[in-house]
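K.L.:
Note that the working numbering has the sequence shown beginning at 653, numbered continuously upward.
Just dropping this structure here.
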Amino acid sequence: MTPPSPHALSFGRYRELLDREYRMLADLVHTTLDRPVPACPGWTGEDLARHTAIVFLHKAETIRTGERPSHGWPPVSVGSLPPAALLAHCYDRLVEQFDGHEAGDRAETWVAEDQTVGFWIRRLTHETAIHRFDLEEAAGADTTPMDVDLAMDGIDEVLTVMLGRGRPDPTASGSTVRLEAGGHSWDVHLAPARAVVDRDAAADGQEAVRADAEGMLLWLWGRTAGSALEAKPAAGELRARLARAL
653 MTPPSPHALS FGRYRELLDR EYRMLADLVH TTLDRPVPAC PGWTGEDLAR HTAIVFLHKA
713 ETIRTGERPS HGWPPVSVGS LPPAALLAHC YDRLVEQFDG HEAGDRAETW VAEDQTVGFW
773 IRRLTHETAI HRFDLEEAAG ADTTPMDVDL AMDGIDEVLT VMLGRGRPDP TASGSTVRLE
833 AGGHSWDVHL APARAVVDRD AAADGQEAVR ADAEGMLLWL WGRTAGSALE AKPAAGELRA
893 RLARAL
């Protein structure tokens, strides 16, 4: 199948990283059950673990049945499982579906041009990495550096996939904000109808927001509150628009 972006990894590499990120996340569940999660106000580690588990199970069922589950979702039975057991159960269901399919097999997604299992392999690798970071923060531990290639792809995914989930914004300024990380750039045009992203376009003298790959990714996901990256008005507008889409 055609790679989803110039920064995409092989699907085998996503699976390796998904397992790595999941193991780190799962190891943190018992020590963070009652801890507040800074990135998710009002949530504890248990809330985040249960949320992640249900996301895993939802996508497993979407792939298994060929459509998004609706009636009777989520299953009442999942509430009876303690969070660590629930997370493990749902992750096993997810990887069973991933490993039983080719990346190019059909699966319903919200991106019309990418209705594949590979979309969910990529999406949930990023989802798991972000929530692993969240639980490390909740634990008060040093956060584990992200795989640099995954972070670069994560920047591209949040701008070209997640941002597209947002609704039109009639108050949009029409400005363009240029993001630079890892030797690449993304020009994000904040148009009212939709945000449009140009990769690696020639600079035309506009100010750029620069960071390393992990720092840029975490800022885009709202994991670095009050970041100096938001000093430029267009950058703040982009972050606000992402907050409504994520």
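Glycine included, C-beta positions come from ideal geometry on N, C-alpha and C.
This one's a predicted model, so the numbers in the text were calculated from it and none came from an experiment.
1. When the Cβ atoms of the region 774-786 are set against those of the region 676-695, are three or more pairs found closer than 8 Å?
2. Any idea what DSSP makes of H723, helix, strand or coil?
3. Using CA atoms only, rank isn't needed, just tell me which of S729, E713 and V730 is closest to S722.
4. When you compare the CB positions of F771 and P844, do they come within less than 9 Å of one another, or not?
5. Using DSSP with H/G/I as helix, E/B as strand and the rest coil, what is R672?
6. Grab me the residues of T768's own chain with a C-beta within less than 7 Å of its C-beta, minus the 5 sequence neighbours each way, in chain order.
7. Whole angstroms are fine: how far does the CA of G834 sit from the CA of A660?
8. Below 8 Å CB to CB, which residues in the same chain sit around T780 once its five sequence neighbours on both sides are set aside?
9. Would you say D794 faces chain D, with C-beta separation under 9 Å as the test?
10. From the DSSP output, in three-state form, read off V763 for me.
11. Could you tell me which residues DSSP pairs with V861 in its beta bridges?
12. Got a sec? Which residues, its chain only, sit under 6 Å from D839 by beta carbon, not counting five neighbours each side?
13. Give the DSSP-derived three-state secondary structure of D821 in the structure shown.
14. Would the region 807-815 count as touching the region 877-887 if we require 3 or more Cβ pairs under 8 Å?
15. Taking H703 as part of the beta strand (DSSP E), name the residues at either end of that continuous run.
16. Give the straight-line distance between the Cα atoms of K884 and H841, rounded to the nearest whole angstrom.
17. So, is W873 buried or exposed, given that buried needs 16 or more other C-beta atoms within 10 angstroms?
18. Helix, strand or coil for V689 per DSSP?
19. Specify the secondary structure class of R851 as computed by DSSP and reduced to three states.
20. What does the Cβ neighbour count give for P658, buried or exposed, with the cut at 16 atoms within 10 Å?
21. Would DSSP call L904 helix, strand or coil?
22. So, is E889 buried or exposed, given that buried needs 16 or more other C-beta atoms within 10 angstroms?
P.N.:
Reading from the atomic positions:
1. In this structure the region 774-786 lies against the region 676-695, because at least three pairs of beta carbons, one per stretch, are closer than 8 Å.
2. coil
3. Among S729, E713 and V730, the Cα nearest to that of S722 is on E713.
4. no
5. helix
6. M653, A755, G756, D757, R758 and A759
7. 14 Å
8. The residues are L670, E673, Y674, L677 and T704.
9. The chain inventory of the structure shown lacks chain D, comprising one protein chain alone.
10. coil
11. L831
12. T828, R830, D850 and A853
13. coil
14. no
15. Per DSSP, H703 is not a residue of any beta strand (DSSP E); the alpha helix (DSSP H) it occupies stretches across G697 to T717.
16. 14 Å
17. Buried is the call here.
18. Per DSSP, reduced to three states, the secondary structure at V689 is coil, with no helix or strand assignment.
19. Strand.
20. exposed
21. Any property of residue 904 remains undetermined from this structure, which presents the chain solely from 653 to 898.
22. buried
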